[in-house]
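What follows is a single structure, written as structure tokens, with notes after it.
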Ligand code: DC
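Printed below as a string of structure tokens:
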């Protein structure tokens, strides 16, 4: 697929869930005054919209139409981004495990990925975009001048998730989370459509032993080296 040649600076950040992409991307976008694309949210929105409309995941034409036309908005209010589906704030429902499971199913369908391509590219507006996902550097913005592949050990990513769940009052065993993370990696990396993998020209950064501030500093150092900041 041909890459889009956009004059807007795009920073593509990919990697497995729990590697710290979301936090890094939001901070980086705010620091640089760039727009932010949370591409995972688009797959989550599509899964949710399809379920609400009773569209089966084997009804590809209907899913494609929905992917191209679903009415979604990202509204930034100070630090918080509210996500609206047909005018309704679905931010909370979007982050549940159940919606994540719907998203990971629709994300395996090439017709859906194709239908969401243009919507993702439309986020690239001046002065720049920080794009967060699994295939930002390999497919959606394959000509991005900076690609980062953020990763962390399965153990560390599970421990981060464990901490988040404990903070929400949910006590799931750490061993079960490690197993879940491994299974999800396996599925994301081995699917046929846009499998998760670093772009050949991506800078790989392992965040297992780094704090959020250290990850941010490393990325700013890379930007400075590339004379992009
Ligand atoms: O990053 P996330 O957990 O919100 O992503 C939800 C699902 O969508 C997850 O199963 C991976 C998939 N996804 C994808 O296939 N490609 C992207 N660019 C972003 C997310």
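In my numbering, the protein residues as written are 2 to 230. We treat Cβ as the ideally placed atom computed from N, Cα and C, and that holds for glycine.
If you look at residue 76, you'll find it in the beta strand (DSSP E) that goes 73 to 78.
Here DSSP, grouped into helix, strand and coil, assigns residue 88 to coil. Secondary structure note for residue 24: its alpha helix (DSSP H) is the uninterrupted segment 22 to 33. For residue 205, the pairing in a beta bridge is given by DSSP as 150. With respect to the 8 Å criterion, residue 36 and residue 142 are not classified as neighbours on the basis of their beta carbons. In this structure, residue 154 has its CB at a distance of at least 7 Å from all heavy atoms of the ligand DC.
For residue 162, the distance from the CB to the nearest heavy atom of the ligand DC is not below 7 Å. Where residue 134 is concerned, the enclosing beta strand (DSSP E) starts and stops at 129 to 134. In the pairwise beta carbon analysis, the stretch 36 to 56 is classified as touching the stretch 84 to 96: at least three pairs are separated by under 8 Å. In terms of side-chain proximity, the C-beta atom of residue 112 is found no nearer than 7 Å to any non-hydrogen atom of the ligand DC.
In this structure, residue 18 has its CB closer than 7 Å to one or more heavy atoms of the ligand DC.
Per DSSP, residue 38 is not a residue of any alpha helix (DSSP H); the beta strand (DSSP E) it occupies stretches across 36 to 39. Straight through space, the alpha carbons of residue 55 and residue 220 are spaced by roughly 42 Å. Taking a 10 Å sphere around the C-beta of residue 163, we find 16 or more other C-beta atoms and assign the residue as buried. The Cβ atoms of residue 25 and residue 229 lie no closer than 8 Å to each other.
Here the stretch 140 to 158 makes contact with the stretch 15 to 23; the two share three or more CB pairs at distances below 8 Å.
Secondary structure note for residue 13: it is in no alpha helix (DSSP H), and the uninterrupted beta strand (DSSP E) holding it is 10 to 15.
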